[in-house]
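Chains as they are written, first to last, in our numbering: chain H, 3 to 251; chain F, 3 to 251.
Protein chains: 2
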Amino acid sequence: MARMEVIPLHGIPEVKRGDDVVRFILDAAAKSGDRLTNGDVVVVKQKIVSKAEGRLVKLSSVEPSRAAGRLAKEQGKDPRMVELILRESKRVVRAGHGVIITETKHGYVCANSGVDRSNIPAGYASLLPRDPDASAKRLRRGLERESHRRVAVVVTDTFGRPWRKGQTDVAIGCSGIEPLRSYVGKSDKFGYSLRVTEPSVVDEIAGAAELVTGKLSGVPVAIVRGVAYERSEDGASTMVMDEELDLFR
Amino acid sequence: MARMEVIPLHGIPEVKRGDDVVRFILDAAAKSGDRLTNGDVVVVKQKIVSKAEGRLVKLSSVEPSRAAGRLAKEQGKDPRMVELILRESKRVVRAGHGVIITETKHGYVCANSGVDRSNIPAGYASLLPRDPDASAKRLRRGLERESHRRVAVVVTDTFGRPWRKGQTDVAIGCSGIEPLRSYVGKSDKFGYSLRVTEPSVVDEIAGAAELVTGKLSGVPVAIVRGVAYERSEDGASTMVMDEELDLFR
C-alpha cells in the first residue's frame with residue numbers, strides 16, 4: 003500500500019449560519035497550495051457544519067423541563083444544557099460522575115448527545131447536525147462540482163469510549179466512501195479465512211485528521227490524501243450496531 | 003500544525019520466535035529510503051511482537067477446562083480457543099452471538115482477550131504480549147540505540163467497540179509518547195475552558211497506521227512522521243479507565 007498524507011487546512015474563517023463551507027474549504031486549499039485531487043478525503047469537524055447549519059442555541063432561550071432539572075442537579079450540570087442533551091437523545095445510556103451518556107436521535111452513543119460549548123460564542127450551545135450524512139453529501143457534491151475532482155467527505159466529532167480514558171475523533175457523517183472495509187471471507191497467506199474483520203476506515207480517518215488539527219488551533223478541516231477506499235453511498239449511520247446484535251444495550 | 007505522513011514499511015520478513023524486530027524494521031526502513039528521523043512514531047502490529055516473543059500456542063496442546071467447554075458450546079467456538087481466551091482474561095464482560103468480550107489481564111476490554119488465529123501458521127493461536135508497554139519500550143530503546151534518533155513506539159491491535167460496527171486499531175502498548183494529550187483547563191478563542199478533552203493520540207496514531215497497512219498486505223509496521231506529541235514514560239496501560247470511574251462495568 004502507498005503512503006498517506008494528512009494535511010491541516012489553515013485559513014478557514016470563523017463560520018456563521020448560512021456560510022458556504024465548500025467555498026471556504028476550496029479557498030483555503032487554493033491559498034495553501036493543496037488543491038483537491040481525485041481520491042482526497044476531506045475531513046470536516048462537526049462544529050463548523052453545525053454553525054453553518056444554524057445549530058447553535060442561545061442558552062438563555064432554553065426552558066429546562068423537570069426531568070432535565072433533576073438530572074442536572076444529580077450530575078452537577080447546567081439544567082439548560084441537560085435540557086438540550088435530553089431533547090437531542092433517544093435515551094440516557096448512563097449517568098454518573100458528572101457525565102451523561104446518551105444515544106442520540108441518529109443512534110450514536112456519546113457524552114451529552116454531542117451538545118457542547120467549546121469553540122462557539124459564550125452563552126450558546128452547539129447541537130450536532132440533524133443529519134450528518136446528508137451534511138457530508140452536500141459538502142461532497144459542492145466540493146466535486148466546484149473542484150471537478152472526485153472526493154469523499156467525513157464529518158467528525160470527538161467521542162469518548164467505555165473502559166479507556168480519553169477520546170478519539172470518529173465519523174458521524176460521511177459521503178463517497180465506504181465506512182467499513184470488509185475482509186470477511188478473505189484469506190491470509192496461511193489460508194486462514196477472516197470472519198469478522200471490518201476496519202472502520204472512516205473512524206480511522208477521523209482520528210488521523212484530529213492528530214493534525216487538534217482542538218484549539220482553529221483548523222476545522224484536514225485533507226487525507228493517498229488512502230485506499232471504496233466509493234460508496236453508505237453513510238456513517240450504517241455503522242450503528244443493530245439493536246438485536248448489540249451486547250451493550 | 004504541520005502535515006503528517008503515514009508510511010507503510012514494506013519488506014519485513016515473516017517474524018519467528020526470538021527474531022530481532024528492531025533489525026527488521028531498520029533494514030526495511032533503509033531499503034525503502036525512509037530511515038527514521040527524530041520524532042517518528044513507529045507503529046508495530048501486535049502480531050509480530052507476539053511472534054517474536056514466542057506467544058504462539060499450538061492448539062493441539064491446549065486442554066480445555068469444563069468452563070471453557072461450556073462457554074465454547076454456548077457460543078459455537080473451538081473449546082481450545084475459549085480455554086486460551088479465559089486464561090488470558092480477568093473476567094468475561096459479555097458473551098453472545100458467538101462473541102466473547104473479556105477484560106484481559108492488562109485491563110483491556112476486547113473480543114477474545116486478543117487471542118487470534120489470523121496471519122499465523124495453521125493449528126496455532128496467538129496471544130497478546132504479556133506486557134505490551136514493556137515490548138514497546140524494548141523496541142523503542144533498540145531503535146533509538148541503533149538509529150541514533152529519538153523515536154516513539156506504539157504497539158497496536160484491532161479492537162471492536164460497543165454500539166458501532168467494525169473495528170479500529172488501538173494502542174495496547176507505547177513508549178516515548180504521551181498516550182493522552184490533555185487540554186484540561188486550556189481555553190478556546192472564545193474564552194471557554196475545556197474540562198474533559200484528552201484525545202488519545204496513540205489510539206489515533208494506531209488507526210492512522212492501519213489505514214496504510216491493512217490486514218492482509220504483510221506490512222506489520224508503519225512510520226507516522228510529523229505528528230506533534232509529548233515525550234513520556236507513560237504506557238498505554240495508563241489509559242485503562244479507573245474502576246470507580248467506569249460507567250460500563
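For glycine and all other residues, C-beta sits at the position ideal for the given N, C-alpha and C.
Selection from GLY209/H, ARG147/H, ARG93/H and GLY220/H that minimises the alpha carbon distance to GLY168/H: Cα-wise, what sits closest to GLY168/H is GLY209/H.
Top-ranked residue by Cα proximity to ARG25/F, from ALA69/F, ILE87/F, VAL111/F and ARG147/F: Measuring from the Cα of ARG25/F, the nearest candidate turns out to be ARG147/F.
So with Cβ pairs under 8 Å, would you call ILE9/H a contact of chain B? You won't find chain B in this structure, because its protein chains are H and F.
Could you compute how far the alpha carbon of VAL226/H sits from the alpha carbon of SER184/H? As the crow flies, the alpha-carbon of VAL226/H is around 20 Å from that of SER184/H.
Listed by chain order, chain F residues near ASP190/H by CB distance under 7 Å: Residues of chain F passing the Cβ test: SER120, ASN121 and LEU218.
Quick one, are the C-beta atoms of VAL51/F and PRO181/F less than 8 Å apart? Not in contact: VAL51/F and PRO181/F (Cβ atoms no closer than 8 Å).
Return the chain-ordered list of same chain residues with a C-beta closer than 6 Å to the C-beta of PRO201/F, the five sequence neighbours on each side being excluded. Cβ neighbours of PRO201/F beyond the five flanking positions: ARG183.
Report the three-state DSSP secondary structure of PRO134/F (helix, strand or coil). Reduced to three states, the DSSP call for PRO134/F is helix.
Would you mind listing the beta strand (DSSP E) stretches within the segment 125-175 of chain F that are 3+ residues and don't spill past its ends, in chain order? With a minimum length of 3 residues, the continuous beta strand (DSSP E) runs that stay inside the segment 125-175 of chain F are 126-128 and 154-163.
Confirm, please, whether the CB-CB distance from LYS217/F to GLU199/H is below 8 Å. Note that residue 199/H is Thr in the sequence shown, not Glu. Going by C-beta atoms, THR199/H is nearer than 8 Å to LYS217/F.
Whose C-beta lies closer than 8 Å to the C-beta of TYR126/H among residues of the same chain, with five residues either side of it excluded? So the list reads LEU58, VAL59, LYS60, LEU61 and ARG119, once near-sequence residues are dropped.
Taking the runs of the alpha helix (DSSP H) that are 4 residues or longer, which of them lie wholly in the segment 39-88 of chain H? You should have 48-54 and 68-77.
Using the Cβ count rule (16 or more neighbours within 10 Å means buried), how would you classify ASN114/H? Buried is the call here.
Quick one: which chain F residues come within Cβ less than 9 Å of SER128/H? Against SER128/H, chain F offers no close residue; the least beta-carbon distance is about 11 Å (beta-carbon pairs closer than 9 Å).
Contact criterion: CB-CB distance below 8 Å. Does ASP42/H meet it with respect to chain F? No, ASP42/H lies away from the interface with chain F (no Cβ there is under 8 Å from its Cβ).
Does the beta carbon of ILE50/F come closer than 8 Å to any beta carbon on chain H? Not an interface residue.
For PRO222/H and ALA97/F, what's the separation of their Cα atoms in angstroms? Each residue's Cα considered, the two are about 40 Å apart.
Please name the residue in ASP29/F, THR104/F and ARG251/F whose C-alpha comes closest to that of PRO15/F. The shortest C-alpha separation from PRO15/F is found at ASP29/F.
Rounding to the nearest angstrom, what Cα-Cα distance links MET241/H and TRP165/F in this structure? Taking the Cα positions, MET241/H is about 8 Å away from TRP165/F.
With a threshold of 8 Å between beta carbons, is LYS18/F in contact with chain H? At a cut-off of 8 Å between C-beta atoms, LYS18/F does not count as an interface residue with respect to chain H.
CB contact check: MET83/F to chain H, cutoff 8 Å: No, no contact with chain H.
Pull the bridge partners of VAL226/F from the DSSP assignment, please. Partner(s): VAL8/F and VAL43/F.
Examine the Cβ distances between the segment 69-80 of chain H and the segment 134-151 of chain H and report whether three or more of them are shorter than 8 Å. As far as the Cβ criterion goes, the segment 69-80 of chain H does not touch the segment 134-151 of chain H, which means the pair count is below three.
Using the DSSP secondary-structure output, state which residues sit across from ASP118/F in a beta bridge. Its beta-bridge partners are SER128/F.
Work out the CA separation of VAL172/F and LYS204/F for me, nearest whole Å. It is Val, not Lys, that sits at residue 204/F in the sequence shown. Going by the C-alpha atoms only, they are around 7 Å apart.
With a threshold of 8 Å on Cβ separation, who are the neighbours of SER234/F within its own chain once the five nearest residues in sequence on each side are excluded? Closer than 8 Å at Cβ, skipping near neighbours: GLY178, ILE179, GLU180 and PRO181.
Measure how close the beta-carbons of ILE174/H and THR158/H come, nearest whole angstrom, since I'm counting them as under 8 Å. Between THR158/H and ILE174/H the Cβ distance is about 7 Å, and since that is below 8 Å, they are a contact.
Thinking C-alpha only, which one of ARG152/H, ALA136/H, ALA31/H and SER219/H is nearest GLU55/H? It is ALA136/H.
Cβ of HIS275/F less than 8 Å from any chain H Cβ? The structure shown does not extend to residue 275/F, since chain F spans only 3 to 251, so no value can be given for it.
Using a Cβ cut-off of 8 Å (strictly closer), state whether LEU38/F contacts chain H. Residue-level contact check: LEU38/F does not touch chain H, since none of the beta carbons of chain H fall below 8 Å from its beta carbon.
Taking C-beta pairs closer than 8 Å, name the residues in chain F that ASP205/H reaches, listed in chain order. Here the neighbours are ARG166, GLY168, THR170 and GLY209.
Residue-level contact to chain F via CB, PRO201/H, 8 Å cutoff: Chain F contact via Cβ: present.
Taking C-alpha atoms, which residue in LYS47/F, GLY193/F and LEU86/F lies nearest to VAL155/F? When only C-alpha atoms are compared, the closest one is LYS47/F.
Which of helix, strand or coil does DSSP assign to GLU105/H? Looking at GLU105/H - three-state DSSP - the assignment turns out to be strand.
Secondary structure at LEU247/F, three-state DSSP: helix, strand or coil? In the structure shown, LEU247/F sits in a helix (DSSP, three-state: H, G or I).
How is VAL24/H classed by DSSP in three states: helix, strand or coil? Reduced to three states, the DSSP call for VAL24/H is helix.
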